[in-house]
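S.K.: If you're matching them up, the sequences are chains A and Z in order. Using the numbering used here, you'd call the opening residue of the first sequence number 1 and step up by one each time. Using the numbering used here, you'd call the opening residue of the second sequence number 1001 and step up by one each time.
Number of protein chains: 2
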Amino acid sequence: MWKFRKIIYPIIINNSFRLPTKQACLEQLNKLGINYIAHNHDPVPTMDDLIKIQVADGTAYVKSLLYVDKKSNYYLILANHTTQIGKLFWKNLGLSSGNMRLSKEEQIAETLKSSKGNVNPFAIANDSNNLIKNIIIDEELTKFQRLALHPIENTSTIEITLDDLQNKFLKSLNKNYKVLQLTDVAAQQKLEQQKDQQNQQTLAITVKKSDFSEWYQQVIRKAELIEYYDVSGCYILRPWAYFIWEQIQRYLDDLIRREDVENTYFPMFLPAKNLTKEKEHVEGFKAEVAWVTRYGDSVLNEPLAIRPTSETIMYPAFAKWVQSHRDLPLKVNQWTNIVRWEFKYPTPFIRTREFLWQEGHTAHSTSEEAIKQVYTILDFYEQVYNELLAVPVIKGIKTESEKFAGGDFTTTIETIIPQNGRGLQGATSHHLGQNFSKMFEINFEDDKRQKTFAWQTSWGLTTRSIGAMIMFHGDDKGLVLPPRIAKYQIVIIPIIHKDIDEIQLIERCQQIKQILIQQNLRVHIDARDNYSPGWKFNKWEQKGVPIRLEIGPGEFKNNEVRVVQRFDNKKYQITIQELNQLNHILDNIHNSMLSKAKIELNQRIKKADNWNEFMQHLNQRNTILTKWCERTECEEQIKAKSGSESKEKDLEIDGQIQLTGSAKTLCIPLNQEEILEGQKCFHCGCQAKRYVLWGRSY
Amino acid sequence: MWKFRKIIYPIIINNSFRLPTKQACLEQLNKLGINYIAHNHDPVPTMDDLIKIQVADGTAYVKSLLYVDKKSNYYLILANHTTQIGKLFWKNLGLSSGNMRLSKEEQIAETLKSSKGNVNPFAIANDSNNLIKNIIIDEELTKFQRLALHPIENTSTIEITLDDLQNKFLKSLNKNYKVLQLTDVAAQQKLEQQKDQQNQQTLAITVKKSDFSEWYQQVIRKAELIEYYDVSGCYILRPWAYFIWEQIQRYLDDLIRREDVENTYFPMFLPAKNLTKEKEHVEGFKAEVAWVTRYGDSVLNEPLAIRPTSETIMYPAFAKWVQSHRDLPLKVNQWTNIVRWEFKYPTPFIRTREFLWQEGHTAHSTSEEAIKQVYTILDFYEQVYNELLAVPVIKGIKTESEKFAGGDFTTTIETIIPQNGRGLQGATSHHLGQNFSKMFEINFEDDKRQKTFAWQTSWGLTTRSIGAMIMFHGDDKGLVLPPRIAKYQIVIIPIIHKDIDEIQLIERCQQIKQILIQQNLRVHIDARDNYSPGWKFNKWEQKGVPIRLEIGPGEFKNNEVRVVQRFDNKKYQITIQELNQLNHILDNIHNSMLSKAKIELNQRIKKADNWNEFMQHLNQRNTILTKWCERTECEEQIKAKSGSESKEKDLEIDGQIQLTGSAKTLCIPLNQEEILEGQKCFHCGCQAKRYVLWGRSY
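1. Going by DSSP, which residues form a beta bridge with Z/T974?
2. Counting C-beta neighbours from all protein chains within 10 Å, is the total for Z/S1114 16 or more, i.e. buried, or is it exposed?
3. What three-state label does DSSP hand A/T410 in the structure shown?
4. Scan the segment 1335-1359 of chain Z for residues whose Cβ lies nearer than 7 Å to a Cβ of chain A and list them as they occur along the chain.
5. Is the CB of A/A272 under 7 Å away from at least one CB in chain Z?
6. Just to confirm, are Z/N1099 and Z/D1069 a CB contact at a threshold of 7 Å?
7. Would Z/P1494 and Z/A1527 be called neighbours here (beta carbons separated by less than 7 Å)?
8. What's the gap between the Cα of A/E400 and the Cα of A/T410?
9. Where does A/N15 fall in DSSP's three states?
10. Ordered along the chain, which non-local residues of its own chain (more than five positions away) have a Cβ less than 7 Å from that of A/W321?
11. In chain Z, which residues lie with their C-beta within 7 Å of the C-beta of A/A317?
12. What are the start and end residues of the beta strand (DSSP E) that includes Z/W1341?
13. How close, in whole Å, do the beta carbons of Z/P1316 and Z/F1440 come, if the pair is a contact with beta carbons under 8 Å?
14. Per DSSP, what kind of secondary structure is A/K70 in: helix, strand or coil?
15. State yes or no: is the C-beta of Z/T1312 nearer than 6 Å to some heavy atom of the ligand ADP?
16. Within 10 angstroms of its Cβ, does A/W2 collect 16 or more other Cβ (buried), or is it exposed?
17. If I follow the unbroken beta strand (DSSP E) through A/V699, where does it start and stop?
18. Below 8 Å, how does it come out for the segment 412-426 of chain A and the segment 257-270 of chain A: are there three or more Cβ pairs, yes or no?
19. From A/S458 to A/V561, what distance separates their C-alpha atoms?
20. For chain Z, find out if any of its Cβ atoms is closer than 7 Å to the Cβ of A/N263; answer yes or no.
21. Please confirm whether Z/C1667 and Z/E1445 have their CB atoms less than 7 Å apart.
22. Suppose you measure from the CA of A/Y488 to the CA of Z/N1520; what does that come to, to the nearest Å?
23. How is Z/Y1572 classed by DSSP in three states: helix, strand or coil?
24. Could you compute how far the alpha carbon of Z/L1141 sits from the alpha carbon of Z/T1082?
25. Less than 6 Å between C-beta atoms, sequence neighbours within five positions excluded: which residues of the same chain meet that for A/Q131?
26. Compute the beta-carbon to beta-carbon distance between A/R101 and A/Y67, rounded to the nearest angstrom, for a pair I have assumed lies under 8 Å.
27. Can you pull the chain Z neighbours of A/Y242, defined as C-beta to C-beta under 7 Å?
28. Which residue marks the beginning of the beta strand (DSSP E) containing Z/E1550, and which one marks its end?
29. If you pair each beta-carbon of the segment 361-380 of chain A with each one of the segment 593-605 of chain A, do three or more pairs fall below 8 Å?
30. According to the neighbour-count rule (16 or more other Cβ atoms, all chains shown, within 10 Å of its Cβ), is Z/L1180 buried or exposed?
31. For the beta strand (DSSP E) that contains Z/R1422, what are its first and last residues?
32. Taking three-plus beta-carbon pairs below 8 Å as touching, is the segment 346-354 of chain A in contact with the segment 459-472 of chain A?
33. Are Z/T1412 and Z/G1396 close, meaning C-beta to C-beta below 7 Å?
34. Which residue marks the beginning of the beta strand (DSSP E) containing Z/N1134, and which one marks its end?
35. Whole angstroms is fine: what's the gap from Z/I1574's alpha carbon to Z/V1563's?
36. Identify which residue in Z/W1357, Z/L1026, Z/L1182 has its Cα closest to the Cα of Z/L1093.
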């Protein structure tokens, strides 16, 4: 840095003055009656550093640039820090932008007695030879209340008004200045348009639903359901998605409350010794359990598992709470997060390492009561899928090898994703029998004072359900939401037009919104003026909002709205009076979505009586219903054989399998045709017991 | 075991037969036309093993006991497995119980041709010398449909009817038998009464509230709020407690929704590198963070922290979502569990290693808007405490050393537990300034296209609030619940009496319940017939139910109910018509609870102008308001000095401090008296800045 001898007070030369230091500068400003807000800090030689200094709202960060042309004419430009100086600006000054250069160190020293990183308008006072003849102020700066500038040294920033800079400081130096538009305005506007267009383009889904995997990733991101996170298998549920989960919670809570189930909260941590109490159970889960071994810098005496499911956390407490038959039935539920460190490659909603769910646990005094509970819950789950998510499901029982580890039998609801014919387990409800009650000593004296072990159930539904909904209903444009779980059921788009007064139009929208809110509908008006109607149509379609109401000049005059249904793109006009039909319209949309989905699901279920038919159907991406012997050995063979004969091989990503090519049992459907003596298993030829549904799965 | 030569078919001797094996036994039963359900299993030599065999409902597990007296008379007793044979039984047979012995191995072999662990009635067929002259059947067994017995060998259990045993099997052997009451009935009843009394006694809280620590532990357990768990610092929230949390969630969700805050869910795991981004923040939290280092048998590449708070999880996503000023304000909230591996000894609700909370995070384009948000939320928190929990709080600002690590300033609501004058932090609302937005690059272009960093807030309220409520309102009888968060607001107790028809009485209770439900009240009828009214009064008082309605003969005849208020034990009659006042009555109870609590809180706030006064008040278990200089150095000195001069020393349990004796700053109350120039800090004599509240704390 070029340094002056330290001079304490300004020296007056030629009715101007020299300002060698920050102190001198500030004293001069005081003398001129200029108010300023001062900040002191470490040196800030660049704009990036400057903008980290906290200044008041309405204060512009100013960049001071000293340009020089080929004839050594200097131009000191004071600009808003984001302003880009355009070619037109120089052209208007009779200059060619190609000839302009930012001043070098020695030039800055010669003129301003300053240096790079320190250029500032106050240093003009040091231009004793009047080398800087052009002072240009960015027109943008007139929009600000104050300007942030360095008072000679960049260890300080002061905020002063443009008016004071012009009419007190520069005037006192007899310096002229011009206020000009620096940006090439037309070019700037074009740039902004291009940016917006790009945004609009990246906004759209760029693949069709038939490119299913890529389509899914784009939909969940662009509909703002999911944000990615830097722990593999963990995803952020944005409000648009979390709202769906809240609707499911509310609905299911109402149902289970009728069964006198009470909500509770058990700890997340599980000491190792508890996990190992039920032998089959631990075998089924231990590979996926995440272990906490340290806190701060210390090591835990005993590592703690994070719950993969809470049976072993809850049941010791159950043993304390269940003494007499009067303590039964015991019915609790909790809504929590769960961690299972899956081996398979993750898919948002469908298979994640952390997910949200509810887990219900009941204990009963008789086997009959427990079994009844299992099936009641399964019916509730079916309702969640049908009535909220408009997703069709098949109720069934899991085979012995697929059932809950440690339980007696598992009932399930399964769906089939039409795009790829893969089975997706929707929720499960287990009869645990007395397996856990014997391990955990959950026993009681019945009314004959007989010591008996309790009969138990457990059941769970997860955020995977949201994935099923996305996969079923989404289309090439993006997400399609069933009305009952959409955060906004209706979006109102005012079409601004010169023929209508904008204020009246917005008022009309608000009246309509009020009418709809009275009907308990969730409504949003998108009146943002920086987006075109077309952009808004795309945006809300992509987010899956069930109904769009458009109000343009025609609708405004005729007291109508234009209705556009996301599900089937039906478009029609209705009057304001007819708005009371909207609940009904939404119900119809829900029913249509469910019907369509049922058809698509059923198209993916085929029957097979032999292996050839089976593999043919499988390779055409179907699930297959067959007569089966229910022997685990036979099941294993079918899995292996179907894998090797599958046209679709296992899909691996990053060394982890995401999707397998082989078929497995999805369930033994509750809805069974009768099987007669002599009818054989489709695979091994033994006597068939029941029909079973096979398929590739998630 | 005594073994026979294997004989395939029974040998007939003296019109009786010998049954050497299970097979022979079963064949004989078939011959006699006796139906049985058979179970085969590993040997079950003891009753404990036997009862693990699954039998049908209504089937008794039978113990077969061969007694012998001093004269070698044998008595084969078939009893229900829980039956205790009493002295009276033997006395009625003309025997002294002291002379009776269970047969030894050789005696069992001689008579039944069997062994210990194998005694069973079918072996009577082998008593060829008719040594067993007394067969006695427990009268209890007549209440069952079937009996579970071993057919000669204990690798099998069969279920047969008592009738078949008596009238087909024993008859075919010409054996007489008696059906007698084995238990000493009066003695049994006395035993049961004693047990019930014990239950009732252990039910009551055994200490007064003045024995505060022990009182608290008993209340939370006996009111069935908490169950203990075998990980230190983790507790089970039972439905009675979790309901309170759900009410808080609902109430607060409604409030923040008015502020356009949206619920969301971010992952629980946090890679180490994210945690370290904001320097002060990580310093404040890292000692308490729990680390996951393994899954299954594998080691994680990068250890993952469990969220102690979610700033560093959320803000990278904020940076993506905030591009333009139109993206602001951004307001999200989540209801989650949190883990902080505290050093202090845990206290349920108050300080736990895992707890439930909500954390709200907002980003704004101006500092003013952010600060306004901070205070709006603080007001909401005050409403939760006042309006739901009837707990009074003081709003204030934390000192620099107590504020949120990495934030700009922290506002807080503090309460004071009257029992011990300890401050309890109720909830906090932080202005983060631009500290985090600069670290995480949450910046945006404002409407002048200026790049600015967002201004942020974060705020949280936890399950600790429930602990404050318990501590304020509970009394010597147990929990006292404010009406708005009680799972049952009203419990109806029918007083059974010979003067009223029980069925009509229960009907009356149900009518009353219906009337109350119409008013949106939460009502429970306790009509259990195995508990006395007095027992029920105690039970529901202990659980803190706000109102008890008793209906006895008088009330029934006069169409009245007797009202008993838990809060103040006021008792009065009202008519059925007057039931519509109950909402109003409950509101009054709430207001009275809050008023009383405010008085108690204020009694614990004293003023001090010098150190002596300060310590005097502190040692009398008060909080103290003083003028203070706000110098951190002074604050540290006061902490240290108050600790050494404190009459109450640090309370340590298991090597961990639970409560400290020293005072710290609780807050700088928003409600300030003016401090004039010249007024000094009470401790160090510097110019005082503001009043601050000091106290021991939780």
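We put the beta carbon where it would ideally sit given N, CA and C, even for glycine.
M.R.: Quick look at the numbers:
1. Residue 974 of chain Z falls outside the range modelled here, since chain Z spans only 1001 to 1698, and no answer is possible.
2. The residue you call residue 1114 of chain Z lines up with position 114 of the second sequence. Z/S1114 is buried by the Cβ-count criterion.
3. As a first step, residue 410 of chain A is located in the first sequence; it is residue number 410 there, counting from the start. Strand, per DSSP.
4. When C-beta distances to chain A are compared with 7 Å, the residues of the segment 1335-1359 of chain Z below that value are N1337, W1341, E1354, L1356, in chain order.
5. By 1-based counting over the first sequence, the position of residue 272 of chain A is 272. Not an interface residue.
6. Within the second sequence, the letter at position 99 stands for residue 1099 of chain Z. Within the second sequence, the letter at position 69 stands for residue 1069 of chain Z. Yes, the Cβ-Cβ distance between Z/N1099 and Z/D1069 is below 7 Å.
7. By 1-based counting over the second sequence, the position of residue 1494 of chain Z is 494. By 1-based counting over the second sequence, the position of residue 1527 of chain Z is 527. Result yes, Cβ atoms of Z/P1494 and Z/A1527 sit closer than 7 Å.
8. Translated into the one-based positions of the first sequence, residue 400 of chain A becomes position 400. Translated into the one-based positions of the first sequence, residue 410 of chain A becomes position 410. Annotation: A/E400 to A/T410 spans about 9 Å, alpha carbon to alpha carbon.
9. The residue you call residue 15 of chain A lines up with position 15 of the first sequence. Only weak support is given to the placement of A/N15: the predicted model assigns it a pLDDT of 47, under 50, and the question is left unresolved by the model.
10. The count along the first sequence starts at 1 and reaches residue 321 of chain A at position 321. Counting only Cβ-Cβ distances below 7 Å, and skipping sequence neighbours, we find D327, L330.
11. Taking the first residue of the first sequence as 1, we reach residue 317 of chain A at position 317. Going along chain Z in sequence order, the residues near A/A317 (Cβ under 7 Å) are E1227, I1236.
12. Looking up residue 1341 of chain Z in the second sequence gives position 341. Segment: none, Z/W1341 is in no beta strand (DSSP E) and carries neither H nor E.
13. One-based indexing of the second sequence puts residue 1316 of chain Z at position 316. One-based indexing of the second sequence puts residue 1440 of chain Z at position 440. A Cβ-Cβ distance of about 6 Å is found for the pair Z/P1316 and Z/F1440, placing them in contact under the 8 Å criterion.
14. The residue you call residue 70 of chain A lines up with position 70 of the first sequence. In this structure, A/K70 counts as coil in the three-state DSSP scheme.
15. Among the ligands in the structure shown, none appear at all, so the ligand ADP cannot be discussed.
16. Counting from one through the first sequence, the residue named residue 2 of chain A turns up at place 2. Only weak support is given to the placement of A/W2: the predicted model assigns it a pLDDT of 40, under 50, and the value that follows is read from those uncertain coordinates. Label assigned to A/W2: exposed.
17. The structure shown has nothing for residue 699 of chain A, since chain A only spans 1 to 698.
18. No: the two stretches stay apart, fewer than three of their Cβ pairs being nearer than 8 Å.
19. Translated into positions along the first sequence, residue 458 of chain A becomes position 458. Translated into positions along the first sequence, residue 561 of chain A becomes position 561. So the two alpha carbons sit approximately 49 Å from each other.
20. Residue mapping note: residue 263 of chain A aligns to position 263 of the first sequence, counting from 1. Answer yes: the Cβ-Cβ gap between A/N263 and chain Z drops below 7 Å somewhere.
21. Position 667 of the second sequence holds residue 1667 of chain Z. Position 445 of the second sequence holds residue 1445 of chain Z. No, the Cβ-Cβ distance between Z/C1667 and Z/E1445 is not below 7 Å.
22. Counting from one through the first sequence, the residue named residue 488 of chain A turns up at place 488. Counting from one through the second sequence, the residue named residue 1520 of chain Z turns up at place 520. Straight-line Cα distance between these residues: approximately 29 Å.
23. Along the second sequence, one-based indexing puts residue 1572 of chain Z at 572. Of the three classes helix, strand and coil, the one that applies to Z/Y1572 here is strand, per DSSP.
24. On the second sequence, position 141 is the one that residue 1141 of chain Z refers to. On the second sequence, position 82 is the one that residue 1082 of chain Z refers to. Cα to Cα, the separation comes out at about 11 Å.
25. If you number the first sequence from 1, residue 131 of chain A lands on position 131. For the record, residue 131 of chain A in the displayed sequence is Leu; it is not Gln. Same-chain partners within the cutoff: Y74, T111.
26. Residue mapping note: residue 101 of chain A aligns to position 101 of the first sequence, counting from 1. Residue mapping note: residue 67 of chain A aligns to position 67 of the first sequence, counting from 1. Their Cβ separation, rounded to whole angstroms, is 7 Å, which keeps A/R101 and A/Y67 in contact under 8 Å.
27. Numbered from its first residue, the first sequence carries residue 242 of chain A at position 242. Under the 7 Å cutoff, chain Z gives N1263, T1264, Y1265.
28. The sequence position of residue 1550 of chain Z within the second sequence is 550, counting from 1. Residues 1547-1551.
29. no
30. For this step, residue 1180 of chain Z is matched to residue 180 along the second sequence. Classification of Z/L1180: exposed, given that the 10 Å Cβ count is below 16.
31. Taking the second sequence and counting its residues from 1, one reaches residue 1422 of chain Z at position 422. Taken as a continuous stretch (DSSP letters only), the beta strand (DSSP E) holding Z/R1422 covers 1422-1433.
32. Output reads yes: the segment 459-472 of chain A touches the segment 346-354 of chain A.
33. Walking along the second sequence from the start, residue 1412 of chain Z turns up at place 412. Walking along the second sequence from the start, residue 1396 of chain Z turns up at place 396. For Z/T1412 and Z/G1396, yes; Cβs fall inside 7 Å.
34. Here residue 1134 of chain Z is taken as the residue at index 134 of the second sequence, counted from 1. It spans 1132-1138 - the beta strand (DSSP E) in which Z/N1134 sits, taken as one unbroken run.
35. Counted from its first residue, the second sequence places residue 1574 of chain Z at position 574. Counted from its first residue, the second sequence places residue 1563 of chain Z at position 563. For Z/I1574 and Z/V1563, the distance between alpha carbons rounds to 7 Å.
36. Residue 1093 of chain Z sits at position 93 when you count from the first residue of the second sequence. Closest option to Z/L1093, Cα to Cα, is Z/L1182.
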